[in-house]
Amino acid sequence: MEPVTFSESGGVRYLHFGSELIQGAMRIRDPNEIYLEYNQQMMAWLLFLESKPGMRAAQLGLGTGALTKFTHLHCPAVKSTVVELNPAVIIAARSMFSMPDDDRRLETIQTDAKIFVKSSQYQNRFDAVQVDLYDAICDGPSASTLEFYQGCYNILKSPGVMTVNLFSRHKSFKVNLQNICEAFDNRVLLFPESHDCNVVAIGFKGPKLEAEWKEVSRRAKLIKEKTDLPTNKWVSGISHENARQESKLSI
Numbered sequence: 285m286e287p288v289t290f291s292e293s294g295g296v297r298y299l300h301f302g303s304e305l306i307q308g309a310m311r312i313r314d315p316n317e318i319y320l321e322y323n324q325q326m327m328a329w330l331l332f333l334e335s336k337p338g339m340r341a342a343q344l345g346l347g348t349g350a351l352t353k354f355t356h357l358h359c360p361a362v363k364s365t366v367v368e369l370n371p372a373v374i375i376a377a378r379s380m381f382s383m384p385d386d387d388r389r390l391e392t393i394q395t396d397a398k399i400f401v402k403s404s405q406y407q408n409r410f411d412a413v414q415v416d417l418y419d420a421i422c423d424g425p426s427a428s429t430l431e432f433y434q435g436c437y438n439i440l441k442s443p444g445v446m447t448v449n450l451f452s453r454h455k456s457f458k459v460n461l462q463n464i465c466e467a468f469d470n471r472v473l474l475f476p477e478s479h480d481c482n483v484v485a486i487g488f489k490g491p492k493l494e495a496e497w498k499e500v501s502r503r504a505k506l507i508k509e510k511t512d513l514p515t516n517k518w519v520s521g522i523s524h525e526n527a528r529q530e531s532k533l534s535i
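When you read off a place in the sequence shown, starting at 1, and then add 284, the result is the number in the numbering used here.
As structure tokens, then:
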């Protein structure tokens with residue numbers, strides 16, 4: 285298990301795994317804000333799925349708990365399951381990054397995400413799966429095989445959406461993207477690269493999804509009004525970054 289360390293600068297608290305590499309961040313005066321841009325984009329499943337009672341989301345890799353806190357606060361109808369292998373990360377998220385304790389809407393499981401997605405207990409269980417799995421070296425995602433992404437596909441309901449954080453300027457990017465595309469039958473969209481070289485991929489399961497981008501833009505505006513997520517650039521970014529998506533969403 286990597287050692288968990290912290291730093292603070294300019295009113296922002298950072299999570300590290302024993303190195304200077306950043307594993308997550310929180311603005312101290314606004315602990316429920318999703319501070320990092322790629323983390324914000326990991327909530328893009330809200331563009332395609334309307335939260336309603338009975339929905340479930342899985343967060344594979346806890347970090348500072350930014351996504352978990354956001355979902356717990358802004359999506360009260362959604363039950364979240366957090367999967368994190370390192371117990372020190374779970375303790376840190378609660379003690380240093382204001383993540384709430386487990387309750388009827390939040391379950392934290394200390395286990396390996398690669399084992400979790402294989403469990404028959406969780407097949408076809410989640411509407412949304414968010415994957416952000418990195419170790420201290422940050423040498424690409426720590427789970428990146430075709431078998432792993434097929435497991436992510438299998439734990440999704442139909443319809444369901446996966447978001448996953450990738451490094452765009454690393455040799456792991458091509459391998460991960462190829463495996464995601466194979467597992468999700470090439471039904472994958474990408475956000476443009478963020479300033480820190482992260483790229484969020486979105487995988488879809490279920491019936492074909494078609495919509496005019498103006499409809500998706502209206503959904504993005506509604507999400508921004510309700511949650512203050514900076515969704516105003518999401519639609520233009522996704523539509524221009526992906527081939528054959530310019531005129532309308534078709535995936």
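We treat Cβ as the ideally placed atom computed from N, Cα and C, and that holds for glycine.
None of these values were measured; they are calculated from a predicted model.
Counting only runs of 4 or more residues that sit fully inside the stretch 391-462, the alpha helix (DSSP H) segments are 397-400 and 430-439, in chain order. Using a Cβ distance threshold of 8 angstroms, E321 and G302 do not count as a contacting pair. In the DSSP assignment, K532 falls within the unbroken beta strand (DSSP E) covering K532 to S534. Within the same chain, Y298 come within 6 angstroms of I306 by CB-CB distance, once the 5 residues on both sides are set aside. Under the 10 Å beta carbon count, R340 is surrounded by 16 or more other beta carbons and is classified as buried.
Less than 8 angstroms divides the Cβ of C436 from the Cβ of V401.
Scanning V367, D387, L430 and P425 for the CA closest to the CA of Y406 turns up V367.
Taking a cut-off of 8 angstroms on C-beta distances, the stretch 478-496 touches the stretch 328-346, as three or more cross pairs fall below it. Cβ contact annotation for T289 (same chain, cutoff 7 angstroms, sequence separation greater than five): H300 and G302, in chain order. Inter-segment contact for the stretch 453-468 and the stretch 428-435 is present: three or more beta-carbon pairs are separated by less than 8 angstroms. Among the bridge pairs identified by DSSP, A309 is matched with Y298. Contact annotation, W497 with K532: C-beta distance approximately 6 angstroms; criterion of less than 8 angstroms satisfied. Shown here, T348 sits in coil according to DSSP, grouped into three states, outside any helix or strand. Under DSSP, R388 takes part in no beta bridge, so it has no partner. Counting the other CB atoms within 10 Å of its CB gives Q394 a total below 16, which places it among the exposed residues. A contact is defined here as three or more CB-CB pairs under 8 angstroms, and the stretch 347-356 meets this definition with respect to the stretch 378-390.
The residue among G487, F457 and V472 with its C-alpha nearest the C-alpha of C481 is F457.
In the DSSP assignment, G521 is bridged to no other residue. When M310, L344 and Q325 are compared, the shortest CA-CA separation from I439 is found for L344.
Assigned with DSSP and collapsed to three states, Q324 falls in helix. Around the CB of Q325, 16 or more other CB atoms lie within 10 Å, so the residue is classed as buried. Residue pairing by DSSP places A342 opposite T365 and V413 in a beta bridge. Excluding five sequence positions before and after G308, the CB atoms of its chain that fall closer than 6 angstroms to its own CB belong to L299, G347 and T348, given in chain order. In the displayed model, F381 falls within coil according to three-state DSSP, outside both helix and strand.
Shown here, A527 sits in coil according to DSSP, grouped into three states, outside any helix or strand. A distance below 6 angstroms between beta-carbons, with the five flanking residues on each side excluded, links E391 to the following residues of its chain, in chain order: T365. Residue environment for D416: buried (at least 16 other C-beta atoms within 10 angstroms of its C-beta).
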